[in-house]
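Using the working numbering, read the sequence shown as starting at 4 and increasing by one per residue.
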Amino acid sequence: MSTQQEELQPFVLVIFGATGDLAKRKLFPALYSLYHEGKLHRKFAIIGTGRSAMSLSEFREEVKIGVASFGRTSIENTGEWESFVEKIDYIALDVNDENAYGGLKETVEKSEREQNTGGNRMFYLAIAPSLFGTVSTNLRKGGLTDTTGWKRLVIEKPFGRDFTSAAQLNEQVKQSFSEEEIYRIDHYLGKEMVQNIEVIRFANSMFEPLWNNRHIDNIQITASETVGVEERASYYEHSGALRDMVQNHMLQMVMMVCMEPPSRLKTEAIRDEKVKVMRALRRYTEEEVSQHVVRGQYTAGITNGKKVPGYREETGVDPASTTETFVAAQLFVDNFRWAEVPIYIRTGKRMPKKVTEIVIQFKELPKRLYFNRNNDLNPNLLIIRISPQEGINLLLNAKKQGTDDKIIPIGMEYCNDCMEESPEAYESLLYDATMGDSTFFTRWDEVSLAWKFVDPIRRAWDRDNEGPEPYEAGSWGPGEAHRLLEQNGKKWWPVGDQEHQVVRAVEKPDLS
Ligand code: BG6
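Right, dumping it as structure tokens:
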């Protein structure tokens with residue numbers, strides 16, 4: 004979780020959108036797990052706000068249902084739940100109404116007196132992004148940002164919909180909170196194995212010397228999902244996979260894999276190195292986009308053994324929609340370390356598996372000793388499993404037992420969550436936010452450079468009449484996504500199949 008060792012800090016947390024899905028499924032369950040594990044200061048209070056008028060007991064009941072259904076910490080047979088829920092208050096609030104913030108201020112001050120939290124305030128915006136600016140302004144006008152303790156603003160994604168809108172939003176939010184006080188969430192940065200990338204790279208002498216274009220052939224980052232658009236059509240139609248996944252989660256993983264070792268394990272030193280990757284990331288002109296970036300949209304098919312409709316048939320989706328539900332791209336980080344190493348990314352909905360994995364493919368050896376026998380050598384692969392399995396798999400070549408010359412790939416597998424369940428991303432991030440550690444939150448320059456990379460791609464697609472390539476639900480995306488690699492003599496490695504990875508890597512390249 005945190006890279007720093009401060010003492011736990013007391014606080015009042017105000018959650019905007021406390022009756023929404025995110026709060027119910029992620030935030031309250033995460034807060035309760037932290038409470039259970041002693042990772043919250045005992046002096047704290049949570050004030051939920053939402054549009055609906057409801058009594059405190061109704062609200063607490065809603066929270067309880069959410070934690071019981073989605074939390075990893077059981078609320079059964081323990082007095083702990085009762086003491087946790089005592090800390091929760093609720094106030095109905097129209098966030099657009101400047102005058103309503105007086106009431107919120109009173110509630111916050113009352114909690115501060117009761118819990119003796121020293122004026123530390125955290126505001127969590129689990130609301131529509133269009134309201135981020137308004138709420139931060141109203142918090143200032145309502146006097147809520149005027150406090151004797153620290154103040155922090157936690158914002159969900161998306162932060163803007165292109166560089167211009169993100170910059171405007173940033174200007175607005177900065178009127179009320181400084182950059183150090185803004186915690187922009189990218190929940191991928193809260194995932195155990197994403198955080199582990201740094202450690203795997205910088206704490207092992209065997210990897211760092213090889214981590215460059217002399218030894219790495221290519222990098223493949225996959226984040227595939229089996230779900231379709233679900234009930235989010237009104238959001239997704241305007242975002243598509245490019246804004247929903249690539250601008251944030253995929254590029255964050257690229258940064259973690261490609262960054263230079265930071266001078267110290269300090270927040271800004273780490274974030275500085277990540278930003279340098281974004282500065283070196285080759286930006287495509289609108290004309291170049293089609294050579295390097297592929298978009299797709301799912302059609303009807305079968306996922307998880309069930310027939311599913313195509314994207315255009317989903318509720319709330321325009322039957323002529325050109326929104327992409329899949330993106331694959333070939334990226335280059337034009338610096339000394341990574342020159343000419345292709346970094347392939349792909350993400351999509353309605354794919355065969357839900358899996359997030361990073362495959363580092365090492366270069367082949369000179370074709371001397373162990374070639375031209377019955378089998379070619381398999382390249383060494385380092386697979387970093389982000390989810391649902393967490394771990395590392397290192398594929399090597401070895402002699403098959405009992406033979407003279409048969410070489411087989413062997414896998415050295417480490418499972419990160421087999422002995423003990425890992426904390427949820429939101430637990431880790433909420434904990435860090437209460438501790439004032441923003442290492443795994445995105446800084447404005449990262450966000451702005453990510454938009455600058457994504458914007459020309461979006462513009463190229465918006466002016467192109469052809470729309471995304473169709474792909475059948477349950478497949479690995481459109482044929483173009485495979486051709487992107489094949490044109491360079493490469494292929495996507497199979498992902499997400501622990502037991503058969505070794506065999507399949509050799510025998511069945513993933514060309515579905
Ligand atoms: C969210 C996207 O940020 O990430 C969703 O808005 C996507 O569309 C989700 O489903 C994927 O997250 P995870 O943690 O399930 O891989």
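Even glycine gets a Cβ: it sits at the ideal position worked out from N, Cα and C. Small disclaimer: the values here were computed from a predicted structure and weren't measured.
Reference residue i; option with closest CA among the options
i	options	result
D500	P391, R124, S208, P481	P391
K269	T406, E174, D440, K357	D440
N383	L372, G414, K370, M354	G414
F135	I18, G405, D407, R274	I18
Y191	N141, Q171, A206, M253	M253
P13	R116, A71, T120, E109	T120
Q364	T445, E343, W496	W496
W454	A331, K277, N251, N207	N251
N123	E182, I188, I49, D165	I49
K154	I78, E183, E117, P161	E183
T318	N338, A236, L372	A236
D24	K194, V70, S36, L37	V70
Pair within 8 Å by beta-carbon distance, residue i and residue j
i	j	result
R43	A129	At residue 43 the sequence reads Leu, which differs from the Arg that was named. Their beta carbons are not under 8 Å apart, which means L43 does not touch A129 by this criterion.
I410	K402	yes
I224	I361	yes
R285	L334	yes
G394	Y429	no
M281	E449	yes
E65	T22	yes
G51	Y104	no
G20	G53	yes
A95	S55	yes
I185	I158	yes
K357	E228	yes
T328	Y301	yes
P459	V292	yes
V257	I188	no
E276	E263	yes
A226	T350	yes
N216	E101	no
G480	A331	yes
V232	Y314	yes
Helix, strand or coil at residue i [DSSP, three-state]
i	result
K336	Here the sequence assigns Val to residue 336, which means Lys is not the residue at that position. Strand.
K3	Outside the shown range of the chain, which is 4 to 515, sits residue 3, and nothing can be said about it.
Y373	coil
K227	According to the sequence provided, residue 227 is Ser. The question's Lys does not apply to it. Strand.
K46	coil
R516	Since the displayed the chain opens at 4 and closes at 515, residue 516 lies outside it and no answer follows.
G414	strand
N396	strand
A21	coil
A401	strand
P265	coil
F126	strand
E475	strand
S425	coil
E101	helix
T318	coil
T6	Because the pLDDT of T6 is 40, which lies under 50, any placement of that residue in the model is unreliable, and the question is left without a value.
E108	Inspection of the sequence shows that residue 108 is occupied by Lys rather than by Glu. Helix.
D435	helix
Counted within 10 angstroms of its Cβ, other Cβ atoms place residue i as buried (16 or more) or exposed
i	result
I68	exposed
C261	buried
G243	buried
E404	A small correction: the amino acid at residue 404 is Gln; Glu does not occupy that position in the sequence shown. Burial call: exposed.
D408	exposed
V457	buried
L147	buried
A33	buried
F180	buried
D92	buried
V107	Here the sequence assigns Leu to residue 107, which means Val is not the residue at that position. So L107 counts as buried.
Inter-residue spacing [alpha-carbon to alpha-carbon] between residue i and residue j
i	j	result
N491	L433	42 Å
F443	E201	12 Å
A436	A303	42 Å
E83	L16	19 Å
M248	Q178	28 Å
P265	I273	5 Å
A545	E289	In the structure displayed, the chain extends from 4 to 515; residue 545 sits before or after that span and is not available.
M125	V320	36 Å
I239	N400	Here residue 239 turns out to be Tyr, not Ile, going by the sequence shown. When rounded, the distance between both Cα atoms is 44 Å.
E475	T81	48 Å
V278	R340	15 Å
S451	H485	30 Å
E472	G41	50 Å
Residue-level contact to chain C via CB, residue i, 8 Å cutoff
i	result
G231	No chain C is present in this structure, which holds just one protein chain.
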